[in-house]
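Start counting the sequence shown at 337; every next residue gets the next number (my numbering). Data first, discussion second: the structure below is written as structure tokens.
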Amino acid sequence: MITKKILYRGEASKNTHYYGDQEDDYYSKDGNAAIWQGKGAEALGLSGSVDINRFQAMLAGNYGHGITAGTSIRKDSNARSGLDLTFSAPKSVTIQALIGGDERLIAAHDKAVEETLQYIEKHLTESRQTINGINHVEKTGNLIIAKFRHETARAVGSNVPDPQLHTHTVIMNQTQREDGSWAALQNDKIVQLRKLQNTIYMGVLDREARGYGYEIRYEKDHIELAHISRKEIETFSKRQTQIAKELKDKQGLNIKNASRLQRETALLSTRQRKNDNYSRAELHAEWVKEANEIGMSLNTEHPKAKERTQKVLAIPKLDDESKQRIADMAAIWAIKHLNERETVMSHNDLLSSAVSHAAGLVEVEQIERSLSKLHGQGKLIVRPEHYISNTDLKGRARTRENWAKEYASAKNITLAKAYDAVNKAIKVGRLGLVEKSYATAASFHSEENIMEMEKQGRNTVKTIIEPEALKTELDNTTLTPGQKDAIELILSEKDQIVGIQGLAGTGKSFALQSTQKLLNERGYNMIALAPYGAQVANLRNDGIQAKTVASQLTATDKQRLKSQLAENTVVVIDEAGVIPIRQMEQLLKQLQPSGARIVLLGDIAQTKAVEAGRAFAMLQENGMKTALMGDIQRQKNENLKKAVELAATGHAKESLAFIERVAEIPDKILEDPETGAIERDSSARYETIANEYVSLSSAEQAKTLIVTGTNSSRNDINERIHEYLGLAGKGHEFQLLTRHDTTKMQRRHTKYYTVGDIIQPERDYKNGLTRGNLYEVIKCDVQKDRLTVRSLSETNKEIEIAPKLMSKLSVYHLHEAELAAGDVVRVTRNNAALDLANGERYDVLMVTENSVTLGDKTGRSITLPTDEPLHLDYAYATTAHSAQGLTCDRVLYNAESFSLTTAQDTYYVSISREKHEVTVFTDDQKKLPKAIDRVPYKGLAHDLINPDLQVEKPEISKKDYEFTHAEFEM
């Protein structure tokens, strides 16, 4: 992990003491604990160990060697003196290095830090000079870096500081320009691209640790040593250890069995303690004691790793050609991995994913060459180069052509002269190149196919009811104008594929029921398809024949499927806004040849598809006939109705004024004083939401929905409600399954699995895996790319599998939670045998050690055996994606201003579920309007090559022209 901290001149003395204070660390005498790095340092004659006095002088702005601060460098004490990028090693590496005594891992960490800084210096280092109000940015490629390696976490409140191998890399605020002058460092890219830097660091550490004989486990955005479990890692979490000790000493409780309130009380108590001073020898003895107490075999693992090292050394060193082949494969993997979720992929996301997958075996430049090669082969589409003013980084990016056209028009000069001015502005750094974006040619062709099928279907079907006759029949109903427009589009238009843009709460279900009645009277059938099982269940409850999109696409009885689709069939694709490009293309290819009418029903303003693309919006943007159902009926409160109307039309910020209750409950911001890592404590807000829900009557709770952005906040609120309802300790602990959020490409590689994962095949395999059965991963052999799994239903049945040959696997994490009679839960996986649909909500009626009995509002009950983990979760709080399609009387909405899950679409979904009342809880009321106004981008390949995008024709104000002039008239 890499964290950042800005350093100021006024704190030079304090910072010098802080960084230089590592003399008590075990490995501070190895000559690498405090050293210089960088070409800028070399230019100043700085090498080897850091001279602490020279370091302090530089922090204060005194560099010597005749360097004088330029006009862009402030002289006051608040001026920036440097940037501290702190590289923290994964906890397992720290444990094996500092407690297990393998100094080679310290060297691996040092090497990873060094190579990452080399990349930063070569590719991300720029200077900025302001001349006559215009910023000039120059790529310099040299840095002055002082590195200080520390070994302990020095958090206030910890009796025994944890081992924490980390390096502070202080990047001075000076870099040398091409003309030999020194100028202030522009650190924007260094700060913004920490994800890529972290990937490089982890990749090199991965390579080095494997070279020292260690097996690696991959956890989302970092690595761990495979022989150290997550549970063992958590033992050396200062907070976990503090809480456990406090509970045991003061209350005689085990942390696992303590309630949330008891744990929080212990946390607050431990924060108030002063830190005792321990010698490094005493600390090491304490760490070893803790490790031994939980049975860690650090001393035995060290020699085993050394023995394995001999085998590693026997592997021939890769030549450049071999590395490039690995880079090519890694780039293709990264494209497929990212392309599953997003059609448009950023350059740095592709680099990060590819570098991570290559596990430190290739350089970033080699990945760059792979991407260029794929573009040259026509497999990748690249957005034309866009440039942005370095004076106004929040301004609009333009192509070189558009900058020239606008400047030529403004100055009434020839286009050739304007191009000269633009080229000069780019060369001297007044215009900066914007990050590239990519899409695959395959994505582009899929989009083309969808649009072409819609166009081919225009004016090809017969009118079911003539427009005038239908209008007369609808005039005598209670249907809204929007509902009537939708029905007329389905029954009277001649286009085979049409759309209904239905805002939240406009009565889409009633419109479908009315349409079905008219169709049936004339010998037509209606079939509905929906993305999720719970939506299918709702459609069936409305009397409409329905099934999931997935079941339609994977149906094996093609003849029966064909007989269901004919010219007298209307197929409604519900919640079309969350259907990705991939599925939309498959659906239309399957449905269109039958002659059936296809109706896409959804709302492009609500949450988008998890997978890539915006198919429904794309069809609307490209001329598909679409009816608007905009008559909102759900909200009974006029202010709330106005808020929903504004949110539905893209005016989220304005809609806040009509929300009658917005409660601000700020977070506590906790900063690790050693690494600068920031942690938010949102417990006060979560507690308020939980208490407000619990204060309601049982009848009111049943009609109340809590919506939040992240799964983490959802879990926290759910656990509190279970406890505050008085259910803690009244049920039984069960193993529940949470889906592991991986892509298909990750599921096909052993390195992305962890011992303890649960896999569930979606089909039978010849290797012995059976559809629907659960298997625990007990071994990951990354070298052979093989997993060993154990059946949970068949004792001692172990199977070795190759995940790359298996495309139909679901992967889950196990966690334990208490279920008690009175809990509200949701189903997290379809179960056709028990007629359970993903997303359905049930009350827990009864629990025993061996079973859980669920019931719904219709009186139906289902008993689930608990001899295997359950696909269940608490259902008090839900995310906005899961809330889409639900209706209630009251919503409690947790809108966190700092979270990327807070945006226009999730805000709109969250405040439009209820009929009567919504309360918005936030951490910062002033920042909330900007957060909910953010528009998430779900890109298309066509966005990158759209002529209107390449040759923009924006309206430019007089101020814009003046600004444009300034860019070129230096």
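The beta carbon of each residue, even a glycine, is placed where N, CA and C say it ideally should be.
Asked: Scan the region 1061-1111 and note each continuous alpha helix (DSSP H) run of 4 residues or more that stays entirely inside, going in chain order.; Found: 1080-1083
Asked: Among the candidates L927, T813, A369, G436, whose CA atom is the shortest distance from the CA of T505?; Found: A369
Asked: Expressed to the nearest angstrom, what Euclidean distance is found between the alpha-carbon atoms of L936 and M862?; Found: 13 Å
Asked: Report yes or no: do the region 1210-1221 and the region 1044-1063 share at least 3 C-beta pairs separated by less than 8 Å?; Found: yes
Asked: Excluding sequence positions up to five away, which residues of its chain have a Cβ less than 6 Å from the Cβ of L479?; Found: G374, G376, E457, T461, I507
Asked: Spell out the partners DSSP gives M508 in its beta bridges.; Found: G418
Asked: Starting from the C-beta of K977, find all residues in its chain whose C-beta is less than 7 Å away, skip the five residues before and the five after it, and write them out in chain order.; Found: I968, Q971
Asked: Quick one: using the 10 Å Cβ neighbour count with 16 as the cut-off for buried, is N351 buried or exposed?; Found: buried
Asked: Could you tell me the boundaries of the beta strand (DSSP E) in which V1180 lies?; Found: 1177-1183
Asked: Nearest CA to the CA of Y1060: which residue from T1090, T1024, E742?; Found: T1024
Asked: Taking 8 Å as the threshold, find out whether the region 1205-1212 comes into contact with the region 945-957 through three or more Cβ pairs.; Found: no
Asked: Could you compute how far the alpha carbon of K1102 sits from the alpha carbon of K791?; Found: 44 Å
Asked: By Cβ distance below 6 Å, which residues in the same chain neighbour T503 in space, the five residues on each side in sequence not counted?; Found: F423, V449, K483, R485
Asked: In this structure, what does DSSP give as the bridge partners for T1215?; Found: T1044
Asked: Which full runs of the beta strand (DSSP E) of 3+ residues lie inside the region 709-745, going along the chain?; Found: 716-718, 722-725
Asked: What's the C-alpha gap between T1086 and D1279?; Found: 35 Å
Asked: Since Q849 is in the alpha helix (DSSP H), which residue starts that stretch and which ends it?; Found: 844-857
Asked: Determine whether the beta carbon atoms of A754 and R705 lie at a separation below 8 Å.; Found: no
Asked: Quick check on L634: does DSSP put it in helix, strand or coil?; Found: helix
Asked: With the cut-off set at 8 Å, would you say I536 and V797 are in Cβ contact?; Found: no
Asked: Below 7 Å CB to CB, which residues in the same chain sit around S845 once its five sequence neighbours on both sides are set aside?; Found: D878
Asked: State the Cα-Cα distance for the pair G838 and D939, rounded to the nearest angstrom.; Found: 5 Å
Asked: With DSSP as the reference, please indicate the residues paired to F1257 in a beta bridge.; Found: A999, N1230
Asked: So who's on the other strand from R835, going by DSSP bridges?; Found: The amino acid occupying residue 835 in the given sequence is Gly; Arg does not appear at that position. Note: G835 sits in a beta bridge opposite L936, T962.
Asked: On the CB-based measure, 16 or more other CB atoms within 10 Å of its CB, does V1271 come out buried or exposed?; Found: exposed
Asked: Taking 8 Å as the threshold (C-beta atoms), are R1083 and P1097 in contact?; Found: no
Asked: Pick out whichever of I569, G436, S692 has its Cα sitting closest to the Cα of H558.; Found: S692
Asked: Just confirm the distance between the C-beta atoms of Y1111 and R1099, as a whole number of angstroms; I'd bet it's less than 8 Å.; Found: With 8 Å as the limit, Y1111 and R1099 do not qualify as a contact, their Cβ atoms being about 14 Å apart.
Asked: Consult DSSP for S1033 and reduce its assignment to one of helix, strand or coil.; Found: coil
Asked: Could you check the C-alpha separation between I934 and Q832 for me, to the nearest Å?; Found: 6 Å
Asked: Locate the beta strand (DSSP E) running through F994, then write down its first and last residues.; Found: Looking at the DSSP string, F994 is not in any beta strand (DSSP E), and its letter there is neither H nor E.
Asked: Could you pull the start and end residues of the beta strand (DSSP E) that R1016 belongs to?; Found: 1014-1017
Asked: The alpha helix (DSSP H) spanning A370 covers which residue range?; Found: Premise fails: A370 lies in the beta strand (DSSP E), 370-373, not in any alpha helix (DSSP H).
Asked: Can you confirm whether K653, when its beta carbon is compared against all beta carbons of chain D, has any partner nearer than 8 Å?; Found: As a matter of chain content, chain D is missing from the structure shown, which is built from one protein chain.
Asked: Are the CB atoms of G1195 and D1179 within a distance shorter than 8 Å?; Found: no
Asked: Measuring alpha carbon to alpha carbon, tell me which of S725, P929, S708, H673 ends up nearest G327.; Found: One cannot answer for residue 327 here, as it falls past the ends of the chain, which runs 337 to 1306.
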